[in-house]
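K.L.:
Before anything else, here's the structure in question.
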Amino acid sequence: MFQRLFGRERHANRAIVEALYGQIVAAARQTFFYSHWNVPDTPLGRFEMLSLHMFLFQHRLHGESGVPAELAQTLIDEFFTDVDHSLRELGISDVGVPKRMKKLAKMYYGRTAAYADALDRDDKGDLATALSRNVRPDVAEWPEAPDMAAYVLRAREALAAQSSKAICLGELAFPAAAG
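For the sequence shown, the working numbering assigns the number 27 to the initial residue and increments by one for each residue that follows.
Shown next as structure tokens:
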């Protein structure tokens, strides 16, 4: 099946990857995050939201094997390719991109470890603390952090309800932040 998904039918499979990544990006760009929950509408704030939604996707497929596992790896590769491209669009030089990419990758994996730990323990308070520390390090207290944590828990449940088969066909739905 993997050969069929990523081998001979590359064009169709690229469309699946683009569809899934597009849905992750769309979820991360929900204006409600920026307008109501005070996520900074900056490159770093957008990176935080994209990282969070990529984490949720990866968390959903964690532990799966075969095509879902390969798809998860392909999407994380797509994420880092997109981050690299964004750095270049921001005017970071070719010499500076690898250094920034290393820093952003370290940030991503540090965040995912904290988020996964809180989700595995179903600890909304620790999740809110981790989100506050990462999304709003510039403020002493982020009052919207519990709302964001509740959204993450809703998103985890919504993604868990979606079949791996549907996800592998490019179907993915995140909840609305305003819900």
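Where is the CB? At the ideal position from N, CA and C, for every residue including glycine.
Determine the direct distance from the alpha carbon of Asn64 to that of Gln84, and round the result to whole angstroms.
P.N.:
Their backbone Cα atoms lie some 25 Å apart in a straight line.
K.L.:
Who are the near neighbours of Ala171 in its chain, counting only those whose CB is closer than 6 Å to its CB and skipping five residues on each side?
P.N.:
Answer for Ala171: Ala154, Leu157 and Ser158, listed in chain order.
K.L.:
How long is the line joining the alpha carbons of Pro169 and Arg180, rounded to whole angstroms?
P.N.:
Taking the straight line joining both Cα atoms gives about 19 Å.
K.L.:
Can you tell me which of Gly71, Val43 and Ala98 puts its alpha carbon nearest to the alpha carbon of Asp164?
P.N.:
The shortest Cα separation from Asp164 among Gly71, Val43 and Ala98 belongs to Gly71.
K.L.:
If you follow the alpha helix (DSSP H) that Pro163 is part of, which residue opens it and which one closes it?
P.N.:
Neither: Pro163 is in no alpha helix (DSSP H) and is coded neither H nor E.
K.L.:
If distances are taken between C-alpha atoms only, which option among Ser91, Glu44, Glu74 and Glu183 comes closest to Tyr135?
P.N.:
Of the listed residues, the one whose Cα sits closest to Tyr135 is Glu74.
K.L.:
What did DSSP end up calling Val93 once you bin it into helix, strand or coil?
P.N.:
DSSP places Val93 in helix when its eight states are reduced to three.
K.L.:
Whose CA, out of Thr68, Phe59 and Ile50, lies closest to the CA of Leu176?
P.N.:
First, the residue type needs correcting, since residue 176 is Ala and not Leu in the sequence shown. For Ala176, the nearest C-alpha among the options comes from Phe59.
K.L.:
Here's the rule: buried if 16 or more other CB atoms are within 10 angstroms of the residue's CB, otherwise exposed. What is Gln56?
P.N.:
Classification of Gln56: buried, given that the 10 Å Cβ count is 16 or more.
K.L.:
Taking the alpha helix (DSSP H) that Thr70 belongs to, which residues open and close that run?
P.N.:
The sequence given here has Leu at residue 70, not Thr. Segment Pro69 to Leu87, the alpha helix (DSSP H) holding Leu70.
K.L.:
Taking all protein chains shown into account, do 16 or more other C-beta atoms lie within 10 angstroms of the C-beta of Arg162, making it buried, or fewer, making it exposed?
P.N.:
Per the 10 Å Cβ criterion, buried.
K.L.:
For Met27, name the three-state secondary structure that DSSP assigns.
P.N.:
Note that Met27 has pLDDT 48, beneath the 50 cutoff, so the model's placement of it is unreliable and no number is given.
K.L.:
Would you report the Cα separation of Ile193 and Leu46, rounded to the nearest angstrom?
P.N.:
Approximately 8 Å, taken between the alpha carbons.
K.L.:
Output the residue ranges of the alpha helix (DSSP H) runs that lie fully inside the segment 102-157 and measure 4 residues or longer, sorted by chain position.
P.N.:
If we require 4 residues or more, the alpha helix (DSSP H) runs fully inside the segment 102-157 come out as 123-146.
K.L.:
Alpha carbon to alpha carbon, what distance is there between Asp173 and Asp108?
P.N.:
Those two C-alpha atoms are separated by around 28 Å.
K.L.:
Our contact map puts Ile42 next to Leu195 with C-beta atoms below 8 Å; I'd like the distance itself, whole angstroms only.
P.N.:
So it is a contact: roughly 7 Å between Cβ atoms.
K.L.:
Between the beta-carbon of Ala186 and the beta-carbon of Ala199, is there less than 8 Å?
P.N.:
Not in contact: Ala186 and Ala199 (Cβ atoms no closer than 8 Å).
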